[in-house]
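Engineer: Handing you a structure now.
Residue numbers (our numbering): -16 to 49.
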């Protein structure tokens, strides 16, 4: 694997990105990440607007699209 990374860095980077995207978009991993995020303590913030975050999540506004 190290040789592949060294000899073809651009292709290796694309492979890592594809595998990472595939892993983190599986329903099981999404559920696990959401559970961890929801279990974390929440600190109130005057600058944080839950409605804006909900809108971004709902529309997937920040999602990378290839």
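In this text, a Cβ means the ideal position worked out from N, Cα and C, and glycines have one as well.
Closer than 7 Å by C-beta to residue -13: which residues in its own chain qualify, once you throw out the five before and the five after it? Chain order, please.
Structural biologist: -5
Engineer: Can you tell me whether DSSP reads residue 3 as helix, strand or coil?
Structural biologist: helix
Engineer: To the nearest angstrom, how far is it from the Cα of residue 50 to the Cα of residue -7?
Structural biologist: Residue 50 lies beyond the stretch modelled for the chain, which goes from -16 to 49, so this question has no answer here.
Engineer: Using the Cα positions of residue 48 and residue 10, report the straight-line distance between them to the nearest angstrom.
Structural biologist: 19 Å
Engineer: By the three-class DSSP mapping on this structure, what secondary structure does residue 26 have?
Structural biologist: coil
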